[in-house]
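Visitor:
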Amino acid sequence: MRVLFISQYYSPEVGGGPTRVTGLAENLVKLGHAVTVITGFPNYPSGVISPEYRGRFFLEESINGVRVLRTWLFTSQKKTKARRLLTYLTFAFSATLRALLVRGDSDVIFASSPPLFVGIPALVLSKVKNIPYVFDVRDLWPEIAVHLGQLSGDSIAARVAERLEMLLYSSARQVSVVTRGKREKLLRRGVPSNKVFVLSNGVDDDFLTLPDGLIKRADLGFADQDFIVTYAGTVGLAQGIEILVDAATRLRNNPRIKFLIIGEGVEKPVLMDRVNAARLDTVRFLPLQPKYKMPSLLRISDIAFVPLKSHVLTDSVPSKLYEYLGVGCPVILAARGDSCELVREAEAGIIVEPGNVEHLVETLTYLFEHREILAQYGENGRAYVRENCLRSSIAITLEKQLLELVSC
């Protein structure tokens, strides 16, 4: 089977989107299929294209057996609404052009969003070459943009985006979503039930075998007695990381409870300013770390913090949650909805009320005083992921759906 992936993000970029697409593409290759990916030049999340990729419009390379076709897109370190939209639209345009110029036909297209506009090249190619496409939906857009205050619900832009969204759903032969909650939302909006299937996020099999011990507590200035609370991922609007700084402020009289925030995002400068202004020496920031270091960073942590704002994303499961559990790191989850179901089912951590700093402080204090319960949470999480959430197994689910489409 010849599969064409279309995704604005791909390896070596990191984060939920590129990790998902890269893992699925590479596992389909391992299953014996020919996979081509149309994607942008690596720039996420910094907005800066890596030097080796600059000055090109198209570039073809091979990564772990996947044919990767890179195409130009506008990038900027300034994350204004206008610049983000320009990034999305320029990729949609250049990816459409690149898709039409691809040598050789594809049997099926898999377009992974967000951004929503990644569906445009899939739609065009589907119409021009009569190739079925699957529209992969990690976040419902523009709904999420409206909830986060990035877009007004009654604006012209939101109405246009909603029409495009429904057009892409109706034109796709199948729609894949990452959680049951998202599937239920699409069904309520009129998308036929036999058209929507769940293709969850998960963990790359090799992530669980990455070497341990690359980073030790002393390397980061932490003592063996410290209780380390770690957040690793995008530091953005949807994550609600500010509650971690609020908790650190209230726990400053306990210098043994330390907070480690790893990653980049639009909210990071704001949080760093708050920490510096309050002189919180219990909070440490690290830049985005390469994938191979993450197991070590998680294993020196006592617990990982996974937040989602209470009124947003109840139908989401952060991709990093699977990685935390997979390496045996227990979690404190500040969320509602599908994420809570996963943590309860795995028995891998404690759920706190999102946005409730008092509840978080009480929980951290309790766990600091009862560290012995964390080991079992860690073991439970590791076992659950190995049984249910390996990317190789998820790729087999996708393979089955794609083969059914091709045979129709």
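Under the numbering used here, the first residue of the sequence shown is numbered 398, with each subsequent residue one higher. Don't be surprised by glycine CBs; every beta carbon is placed ideally from N, CA and C.
With burial defined as no fewer than 16 other Cβ atoms inside 10 Å of the residue's Cβ, what is the status of N424: buried or exposed?
Guide: Classification of N424: buried, given that the 10 Å Cβ count is 16 or more.
Visitor: Should the segment 777-784 be regarded as contacting the segment 723-733, the criterion being three or more beta carbon pairs within less than 8 Å?
Guide: Because the criterion of three Cβ pairs below 8 Å is met, the segment 777-784 and the segment 723-733 touch.
Visitor: With a threshold of 16 other CB atoms inside 10 Å of the CB of K372, please say whether the residue is buried or exposed.
Guide: Not covered by the structure: residue 372. The range shown for the chain is 398 to 805.
Visitor: Suppose the cutoff is 8 Å on Cβ atoms and the five residues either side in sequence are ignored; what does the same chain contact list for S597 look like?
Guide: Closer than 8 Å at Cβ, skipping near neighbours: V575, T576, V714, C786, I791.
Visitor: Counting along the chain, where does the beta strand (DSSP E) carrying P704 start and finish?
Guide: Looking at the DSSP string, the run of the beta strand (DSSP E) that includes P704 is 700-704.
Visitor: Answer with buried or exposed for G746, where buried requires no fewer than 16 other C-beta atoms within 10 angstroms of its C-beta.
Guide: Label assigned to G746: buried.
Visitor: Which residue marks the beginning of the alpha helix (DSSP H) containing T762, and which one marks its end?
Guide: Run containing T762: 754-766, per the alpha helix (DSSP H) assignment.
Visitor: Among G578, G587, L802, which residue has its Cα nearest to the Cα of V595?
Guide: For the residues G578, G587, L802, the minimum Cα distance to V595 belongs to G578.
Visitor: Identify which residue in S568, V632, I793, S693 has its Cα closest to the Cα of A615.
Guide: Per the Cα distances, S693.
Visitor: Between I506 and L401, is the Cβ-Cβ spacing less than 8 Å?
Guide: In contact: I506 and L401 (Cβ atoms closer than 8 Å).
Visitor: Thinking just about the alpha-carbon of each residue, which of T484, G413, P409, F471 is nearest to the one in L459?
Guide: The sequence as given places Ser at residue 459; Leu does not occur at that position. Nearest C-alpha to S459: P409.
Visitor: Can you name, in chain order, every residue of its own chain whose Cβ lies under 6 Å from the Cβ of E449, other than the five neighbours on each side?
Guide: Contacts found: none.
Visitor: Ordered along the chain, which non-local residues of its own chain (more than five positions away) have a Cβ less than 6 Å from that of S523?
Guide: Cβ within range, chain order: Y530.
Visitor: Given a cut-off of 8 Å, decide if D601 and R783 are closer than it, judged by their beta-carbon atoms.
Guide: The answer is no: Cβ separation not under 8 Å.
Visitor: Under 8 Å, do R653 and F682 count as touching if we go by C-beta distance?
Guide: No, these two residues do not count as a Cβ contact at 8 Å.
Visitor: Which value, in whole angstroms, describes the spacing of the CA atoms of M669 and F532?
Guide: Whole-angstrom Cα-Cα distance: 38 Å.
Visitor: So, do the segment 644-652 and the segment 580-594 have three or more beta carbon pairs nearer to each other than 8 Å?
Guide: Short answer: they don't touch.
Visitor: Let me know if N673 comes out buried or exposed under the rule of 16 or more other beta-carbons within 10 Å of its beta-carbon.
Guide: So N673 ends up on the exposed side.
Visitor: Are at least three pairs of beta-carbons, each pair with one atom in the segment 745-762 and one in the segment 435-453, less than 8 Å apart?
Guide: Flag = no, the segment 745-762 and the segment 435-453 do not touch.
Visitor: Span of the alpha helix (DSSP H) holding T646?
Guide: Where T646 is concerned, the enclosing alpha helix (DSSP H) stretches over 639-647.
Visitor: For Y607 and K690, what's the separation of their Cα atoms in angstroms?
Guide: Reading off the sequence shown, one finds Leu at residue 607, where the question assumed Tyr. About 8 Å.
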